[in-house]
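Colleague: Residue numbers (the numbering used here): 14 to 68.
The structure that follows is given in the form of structure tokens.
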Ligand SMILES: [Zn+2]
Ligand SMILES: [Zn+2]
């Protein structure tokens, strides 16, 4: 709990630079990870717990 090592959008491992990990802004109960390429392409992510979706 408190971390994750894969991207919520594409499932790739979060390695190197440029990724981000943050709590779900909606429920705060799930950790969301975004890899560099998903951030650069504004790929949508969704919370596994509450279903919140954003870019
Ligand atoms: Zn990704
Ligand atoms: Zn959530």
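Glycine included, C-beta positions come from ideal geometry on N, C-alpha and C.
Let me make sure I understand the geometry here. Which of 63, 58 and 68 has the alpha-carbon closest to that of residue 24?
Modeller: Taking the first residue of the chain shown as 1, we reach residue 24 at position 11. For the residues 63, 58 and 68, the minimum Cα distance to residue 24 belongs to 58.
Colleague: Ligand 2 heavy atoms versus the CB of residue 58: any closer than 6 Å?
Modeller: On the chain shown, position 45 is the one that residue 58 refers to. Incorrect: residue 58 has no Cβ contact closer than 6 Å to ligand 2.
Colleague: Taking only the alpha-carbon atoms, compute the straight-line gap between residue 26 and residue 45 and give it to the nearest angstrom.
Modeller: Indexing the chain shown from 1 puts residue 26 at position 13. Indexing the chain shown from 1 puts residue 45 at position 32. Between residue 26 and residue 45, the C-alpha separation is close to 13 Å.
Colleague: Label residue 22 either buried or exposed according to how many other C-beta atoms from any shown protein chain fall within 10 Å of its C-beta, with 16 as the threshold for buried.
Modeller: Position 9 of the chain shown, counting from 1, holds the residue named residue 22. By the 10 Å Cβ count, residue 22 comes out buried.
Colleague: Who pairs with residue 35 in a beta bridge, going by DSSP?
Modeller: In the chain shown, residue 35 corresponds to position 22, counting from 1. Answer is 45, bridged to residue 35.
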